[in-house]
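Protein chains in written order, with our numbering: chain A, 597 to 982; chain B, 3 to 175.
Below is one structure, written out as structure tokens; comments come after it.
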Amino acid sequence: MARKFLSGNEAFAYGVRLARPHVISAYPITPQTIVVEKLSEFVEDGSLRSEFIHVESEHSALSCAMGASSVGARAFTATSSQGLLYMAECLPYAAGGRFPIVMMNANRSTALPWNIYGDQRDSLSQLDSGWIQAYAENAQEALDIALMSFYIAEHKNVSTPFMANLDGFVLTHTYEVVDVPTAEQADEFLPPFETENKLSLSNPKNLGFSAGPDTNTFFKYKEHSGLLNVRNVVAEAESKFESIFGRKYTGLTESFKTDDADYILITLGSISGLAREIVDRLREQGEKVGLLRIRYMRPFPNDEIAAAVKNAKAVAVLEKDISFGNEGTVYTNVNSALQKAGISIPTSDYIGGLGGKNISAEEIEGIFEELKQKKSAVKFLGIEVR
Amino acid sequence: MKEIIWHGRGGQGAFTAARLLGEAYSHRENTFVLAFPSFGPERRGAPIRAFTKLDEKPIGNRSEISRADYSIFLDDTLFNKQVFDELKPDGKILLNTKKEINDERVITIDGDSIAEKYLGLPITNTILLGALAAVSGFISLADLTEAVKQSMPPRLHEKNIAAVKAAYEEVGK
Numbered sequence: 597m598a599r600k601f602l603s604g605n606e607a608f609a610y611g612v613r614l615a616r617p618h619v620i621s622a623y624p625i626t627p628q629t630i631v632v633e634k635l636s637e638f639v640e641d642g643s644l645r646s647e648f649i650h651v652e653s654e655h656s657a658l659s660c661a662m663g664a665s666s667v668g669a670r671a672f673t674a675t676s677s678q679g680l681l682y683m684a685e686c687l688p689y690a691a692g693g694r695f696p697i698v699m700m701n702a703n704r705s706t707a708l709p710w711n712i713y714g715d716q717r718d719s720l721s722q723l724d725s726g727w728i729q730a731y732a733e734n735a736q737e738a739l740d741i742a743l744m745s746f747y748i749a750e751h752k753n754v755s756t757p758f759m760a761n762l763d764g765f766v767l768t769h770t771y772e773v774v775d776v777p778t779a780e781q782a783d784e785f786l787p788p789f790e791t792e793n794k795l796s797l798s799n800p801k802n803l804g805f806s807a808g809p810d811t812n813t814f815f816k817y818k819e820h821s822g823l824l825n826v827r828n829v830v831a832e833a834e835s836k837f838e839s840i841f842g843r844k845y846t847g848l849t850e851s852f853k854t855d856d857a858d859y860i861l862i863t864l865g866s867i868s869g870l871a872r873e874i875v876d877r878l879r880e881q882g883e884k885v886g887l888l889r890i891r892y893m894r895p896f897p898n899d900e901i902a903a904a905v906k907n908a909k910a911v912a913v914l915e916k917d918i919s920f921g922n923e924g925t926v927y928t929n930v931n932s933a934l935q936k937a938g939i940s941i942p943t944s945d946y947i948g949g950l951g952g953k954n955i956s957a958e959e960i961e962g963i964f965e966e967l968k969q970k971k972s973a974v975k976f977l978g979i980e981v982r
Numbered sequence: 003m004k005e006i007i008w009h010g011r012g013g014q015g016a017f018t019a020a021r022l023l024g025e026a027y028s029h030r031e032n033t034f035v036l037a038f039p040s041f042g043p044e045r046r047g048a049p050i051r052a053f054t055k056l057d058e059k060p061i062g063n064r065s066e067i068s069r070a071d072y073s074i075f076l077d078d079t080l081f082n083k084q085v086f087d088e089l090k091p092d093g094k095i096l097l098n099t100k101k102e103i104n105d106e107r108v109i110t111i112d113g114d115s116i117a118e119k120y121l122g123l124p125i126t127n128t129i130l131l132g133a134l135a136a137v138s139g140f141i142s143l144a145d146l147t148e149a150v151k152q153s154m155p156p157r158l159h160e161k162n163i164a165a166v167k168a169a170y171e172e173v174g175k
């Protein structure tokens, strides 16, 4: 393993290089550009033997990746924001076709108003597309997810595309110390891509077919089952990963001091680092607070969330998302998890960081303070609503 | 945690300096670093800021630095009275200028002259890194030399290492 000083985008590119995809098709968009630039450099200098295809749009990027996957090639693409929305037509296509493509999405706000900075409305708007969705907290986790994503997506019980999300700029463009595994270690971890779901002269079959009303539900149920299988495959991948690389991950969520916590904050992505520092600070002052970080939004960690908050007095969600006319989507999902588990406690939703707005330590401390009032509410950080 | 703000104009290498400092510090065991620019479109000549956070434990706060241990100016046209507001109580300003500044919080260096002599270009980012090594104590000349070798193109190594050393000696006098 080598200690390197890398940005989130670069770390992800190193992870992808270790997975050695046969095909990379991509179209550049800020703040994703550097990941595909770095991969094109790897291809140019010969350290990665991939077919790098410059396509003319994101719609084509994912279509091209599907084509590659349909002949049994390991395929990678990357996008962000408007690019993700432009390829939206192809997202359920790839999922329904059970093509285990890996895509990095640099989380960025969506227009209008035009904005290139980070929030999570782009990927969260695509939760229903049938893709696995993971969210990294830091550059090390970005690299590790890049490598694990191929293992998980391509697993025969899953065969589902994987969207790895990195917060735009605060993660994609921030340099950190990252351990980069060796190619030998990566090969020990990640088996070659093998699938029955491919076009082959020796075993001819039809892919990308129609399924009318009589059989459609069957295919959709199979697709759903594939996603539900992700939980066990993530556990398997992380266990193998730890045995080879020594780094431990904790499945669909990561809990921090939640066991005896009265008040728990639920977060997604890179803001979790600051939230953890606040939990530590408040714990020193004797406050019984905890943090639950959601690592995977699909499949949704219903059971993990219920288990972590079952003894809490109140829970807040902090998310960089709003489903206009309702509330933040993470909040909707969390409430559903609690309701199904019969947990009836006040829950609040804090919508912050939209369009890259900074979320401060004081704001997170304020959320823990307000939790003590044990009231349910949906609030926008930084805007007083009277 | 040590927090450093870099001020420069697009093209002067402020973010490269922020990154090199982080890279240099990261060579030690059990160190944690964040280095990032003020995010957004970059234009040559427009004021930009960059940030380096150094610690011996993981750094969770990815926000821009509001109070720095060192605020470093590659360009003295960006220096004004308000910049003292972004210093910690014992914080210092490191300023590339030919002027004399009578304020004990300000350390000056004529980086342009060193740049002209060693680099042949008015680019002072590595020179201010050498100056920081001389005054701060949390980064060594050897760490910086290694960082220059690891992250700059080989043709720039020799002259930048010489410039770093010259600045280190100039400020350390």
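No residue lacks a Cβ here, since even glycine has one placed at the ideal position from N, Cα and C.
Chain A within 7 Å of residue i, Cβ atoms only
i	result
Phe53/B	no
Val35/B	yes
Asn12/B	Going by the sequence as given, residue 12/B is Gly instead of Asn. By this cut-off, Gly12/B is not an interface position.
Ser142/B	no
Asn162/B	no
Asn32/B	no
Gly62/B	yes
Phe41/B	yes
Phe38/B	yes
Glu58/B	no
Glu25/B	yes
Ile68/B	Note that residue 68/B is Ser in the sequence shown, not Ile. No, because no Cβ of chain A sits closer than 7 Å to the Cβ of Ser68/B.
Ser73/B	no
Arg21/B	yes
Ser28/B	yes
Thr115/B	The question names Thr, but residue 115/B in the sequence shown is Ser. For Ser115/B, the answer is no, since every Cβ of chain A falls outside 7 Å of its Cβ.
Ser138/B	no
Chain B within 7 Å of residue i, Cβ atoms only
i	result
Asn701/A	no
Tyr610/A	no
Arg872/A	yes
Thr854/A	no
Phe785/A	no
Val766/A	yes
Asn605/A	no
Val773/A	yes
Phe601/A	yes
Gly869/A	yes
Thr770/A	yes
Asn793/A	no
Asn954/A	yes
Cross-strand partners of residue i (DSSP beta bridge)
i	result
Asp57/B	Phe34/B
Thr943/A	Val911/A
Lys4/B	Leu56/B
Tyr623/A	DSSP, once it has assigned bridges, lists no residue as partnering Tyr623/A.
Thr863/A	Arg889/A
Tyr72/B	Ile6/B and Lys94/B
Arg894/A	Gln729/A
Pro49/B	Arg11/B
Met699/A	Thr673/A and Met759/A
Residues near residue i in its chain [Cβ-Cβ closer than 8 Å; skip 5 each side]
i	result
Leu80/B	His9, Gly10, Arg11 and Pro49
Ile61/B	Met3, Phe34, Val35, Leu36 and Lys55
Glu819/A	Ala691, Gly692, Arg694, Gly726 and Thr756
Asn711/A	Arg704, Ser705, Gly951 and Gly952
Chain-order list of residues whose beta-carbon lies under 7 Å from that of residue i (same chain, five-residue window excluded)
i	result
Arg599/A	Val773 and Asp775
Ala707/A	Gln678
Gly924/A	Val913, Glu915, Asp917, Ile918, Asp945 and Ile947
Ile939/A	Ala902, Val905 and Lys906
Ile963/A	Leu861, Ala912, Leu914 and Tyr946
Ser28/B	Val35
Sequence-distant residues of its chain with Cβ nearer than 6 Å to residue i (five each side left out)
i	result
Ser868/A	Glu733 and Arg889
Tyr845/A	Glu834
Leu767/A	Gly604 and Ser866
The stretch 109 to 116 of chain B contacting the stretch 967 to 982 of chain A, beta-carbon criterion three pairs below 8 Å | no
Please determine if the stretch 636 to 643 of chain A and the stretch 665 to 683 of chain A are in contact, where contact requires at least 3 C-beta pairs separated by less than 8 Å.
-> no
In the stretch 74 to 127 of chain B, which residue ranges form an unbroken beta strand (DSSP E) of at least 3 residues, counting only runs that do not cross its ends?
-> 89 to 98 and 108 to 111
Inside the stretch 925 to 979 of chain A only - beta strand (DSSP E) runs reaching at least 3 residues | 943 to 947 and 973 to 976
Scan the stretch 707 to 771 of chain A and note each continuous alpha helix (DSSP H) run of 4 residues or more that stays entirely inside, going in chain order.
-> 717 to 720 and 735 to 750
Every unbroken beta strand (DSSP E) within the stretch 800 to 853 of chain A, with a cutoff of 3 residues, ordered by chain = 849 to 852
Does the pairing of the stretch 604 to 615 of chain A with the stretch 733 to 752 of chain A give three or more beta-carbon distances under 8 Å?
-> yes
Validate contact between the stretch 777 to 793 of chain A and the stretch 711 to 725 of chain A using beta carbons, cut 8 Å, 3 pairs | no
Do the stretch 855 to 863 of chain A and the stretch 819 to 830 of chain A meet, that is, are 3 or more Cβ pairs less than 8 Å apart?
-> no
Pair every Cβ in the stretch 801 to 808 of chain A with every Cβ in the stretch 628 to 635 of chain A, then say whether three or more of these pairs are closer than 8 Å.
-> no
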